[in-house]
Amino acid sequence: MIRLFVLLAFALGTTFAASAATAQSSKAKRYAACVSDRNGKEVRKLMQATSADAANMPYHELINDDRCFSRVFGDQPFRPQDAAESVAMLRGNLAEHALKADAGKIAALQALPLQQKRYIRPWFAATGRHPAVDEMGACMADTDPAGIMALIRTNPGYADEGAAVSALTPALTKCLSAGTRLDANRPALRAALADALYQRMTNPALSVAQSTETPK
Numbered sequence: 002m003i004r005l006f007v008l009l010a011f012a013l014g015t016t017f018a019a020s021a022a023t024a025q026s027s028k029a030k031r032y033a034a035c036v037s038d039r040n041g042k043e044v045r046k047l048m049q050a051t052s053a054d055a056a057n058m059p060y061h062e063l064i065n066d067d068r069c070f071s072r073v074f075g076d077q078p079f080r081p082q083d084a085a086e087s088v089a090m091l092r093g094n095l096a097e098h099a100l101k102a103d104a105g106k107i108a109a110l111q112a113l114p115l116q117q118k119r120y121i122r123p124w125f126a127a128t129g130r131h132p133a134v135d136e137m138g139a140c141m142a143d144t145d146p147a148g149i150m151a152l153i154r155t156n157p158g159y160a161d162e163g164a165a166v167s168a169l170t171p172a173l174t175k176c177l178s179a180g181t182r183l184d185a186n187r188p189a190l191r192a193a194l195a196d197a198l199y200q201r202m203t204n205p206a207l208s209v210a211q212s213t214e215t216p217k
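So for the sequence shown, our numbering puts the first residue at 2; every next one is plus one.
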């Protein structure tokens, strides 16, 4: 049987200093907060999409918001790619913004038992990620929502983020589908987990339906 490997350069443990990448991540999150506040309808379309085609139009509407470019970057020179992220990263940053605004809803979510069957969700097709990454995220959102929120509350690129990722590692390992090894960078991992928790918060019935299905 061919083993599946998802290789996205996963960095665990070591603390890295604030850098240009960290500053860029901060701007990307501010940009996501701006477009979320100004373009709620398009954000919902993107986050509720169940296909790449359905996600494409709202995605481009959001990354081309000149008002938010001006608000985030001001008169400073910037490259479009500094904020015009991939679908996966923009979804993650939008999800973080929404989760922080509705932290009470997350606190009310119960940690569900780990399921032996696959974690499959209709939104996987719209994220631009490898399905195994989204499956891991869905599993984590069901089994450890508090752990994901602990990560989201940290500062990207700082020691508290590294500590939160390390604390999640045992659960992440259990949530990987059989024969899969995850090797993703922290921003990509953070985006996947935030997206999955947002999906559970906005449509908890999907998690409940799967957890109560009779195993085949």
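Just so it is clear, CB atoms sit at the ideal spot from N, CA and C, and this is done for glycine as well.
Quick caveat: nothing in here was measured; it's all calculated off a predicted structure.
Taking every protein chain shown into account, the CB of Ser71 has fewer than 16 other CB atoms within 10 angstroms, so this residue is exposed. The residue from Val44, Cys140, Ala127 with its alpha-carbon nearest to that of Ala172 is Cys140. Non-local beta-carbon contacts of Ala142 in its own chain, meaning distances under 8 Å to residues more than five positions away in sequence, involve Ile149, Leu194, Ala197, Leu198, Gln200, Arg201, Ser208 in chain order. Approximately 7 Å separates the beta-carbon atoms of Asp135 and Arg122; this is inside 8 Å, confirming the contact.
A contact between stretches requires three or more CB pairs, one per stretch, nearer than 8 Å, and the region 41-48 fails this requirement with the region 104-111. For Thr51, there is no enclosing alpha helix (DSSP H), as DSSP marks it with neither H nor E. Rounded to the nearest angstrom, the Cβ distance from Ser178 to Ala99 is 27 Å, too far for a contact under 8 Å. Taken in chain order, the complete alpha helix (DSSP H) segments of 4 or more residues contained in the region 75-154 are 88-102, 104-108, 132-144, 146-153. Put simply, the backbone Cα of Asn94 is about 24 Å away from that of Arg182. Around the CB of Lys30, 16 or more other CB atoms lie within 10 Å, so the residue is classed as buried.
In chain order, Asp66, Arg68, Cys69 place their CB closer than 8 Å to the CB of Arg39, counting only its own chain and leaving out the 5 sequence neighbours on each side. Taken in chain order, the whole beta strand (DSSP E) runs of length 3 or more contained in the region 164-199 are 181-185.
Rounded to whole angstroms, Ala112 and Ala147 show a C-alpha spacing of 8 Å.
Residue Thr128 holds the alpha-carbon nearest to the alpha-carbon of Thr51 among Thr128, Leu169, Thr170.
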